[in-house]
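Asker: Quick one: this structure, given as structure tokens, is what I'll be asking you about.
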Amino acid sequence: MSGAGKKIADVAFKAGRTIDWEGMAKMLVSDEARKEFATLRRAFDEVNSTLQTKFSQEPEPIDWEYYRKGIGSRLVDMYKQAYESIEVPKYVDKVTPEYKSKFDALLVELKEAEGKSLKESERLEKEIAEVQELKEKISTMTAEEYFEKHPELKKKFDDEIRNDYWGY
Numbered sequence: 005m006s007g008a009g010k011k012i013a014d015v016a017f018k019a020g021r022t023i024d025w026e027g028m029a030k031m032l033v034s035d036e037a038r039k040e041f042a043t044l045r046r047a048f049d050e051v052n053s054t055l056q057t058k059f060s061q062e063p064e065p066i067d068w069e070y071y072r073k074g075i076g077s078r079l080v081d082m083y084k085q086a087y088e089s090i091e092v093p094k095y096v097d098k099v100t101p102e103y104k105s106k107f108d109a110l111l112v113e114l115k116e117a118e119g120k121s122l123k124e125s126e127r128l129e130k131e132i133a134e135v136q137e138l139k140e141k142i143s144t145m146t147a148e149e150y151f152e153k154h155p156e157l158k159k160k161f162d163d164e165i166r167n168d169y170w171g172y
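Residue numbers (my numbering): 5 to 172.
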């Protein structure tokens, strides 16, 4: 196997170990997302396995002397010369540079979305706590106590009374 193929297989194997599959799986909400994620993981594992088995092994050396004895040296020498003249082109990665900037931009967008999500989550947690507190106290709460927590509603009601607006 060529050095480039082995290097690609090694990189893929190391990448597979550094991916936090369980951490990403915990973030998924819908069943459809979980199914797609499982499909992605299976595909990644299959490709990684193929790279490890097919491309990480060096080919066995050819025993030219064995073939010389059975076929004849002239024909074997011709094949040996042709075999040794084969040059496997080196892989040049043109895809990664093209998509690296897009991936980096997506990471920045992801961080921004994560920040917004955390802020919204905090706001919703506070709102849930307020609603639960209100639910517990609603049966014994007076209008004055309610208006202390919601002065904008008191102002609205006072304005409606002052303007002689009774809702009809």
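Beta carbons: idealized from backbone N, C-alpha and C, even for Gly.
(1) Could you tell me if L111 is buried or exposed, where buried requires 16 or more neighbouring beta carbons within 10 angstroms of its beta carbon?
(2) In angstroms with no decimal places, state the Cα-to-Cα distance between Y70 and E91.
(3) Using only the alpha-carbon positions, how far apart do L44 and E88 sit?
(4) Going by the beta-carbon positions, is the gap between L32 and F41 smaller than 7 angstroms?
(5) Helix, strand or coil for S53 per DSSP?
(6) What whole-angstrom Cβ distance do W68 and V80 have, given they're in contact under 8 angstroms?
(7) Grab me the residues of K123's own chain with a C-beta within less than 7 angstroms of its C-beta, minus the 5 sequence neighbours each way, in chain order.
(8) Could you tell me the distance, in whole angstroms, from the CA atom of D162 to the CA atom of T146?
(9) Below 8 angstroms on the Cβ atoms is my contact criterion, and I expect K158 with F151 to pass it. Report the Cβ-Cβ distance as a whole number of Å.
Answerer: Looking at the atomic coordinates:
(1) exposed
(2) 24 angstroms
(3) 40 angstroms
(4) yes
(5) helix
(6) 6 angstroms
(7) none
(8) 17 angstroms
(9) 4 angstroms
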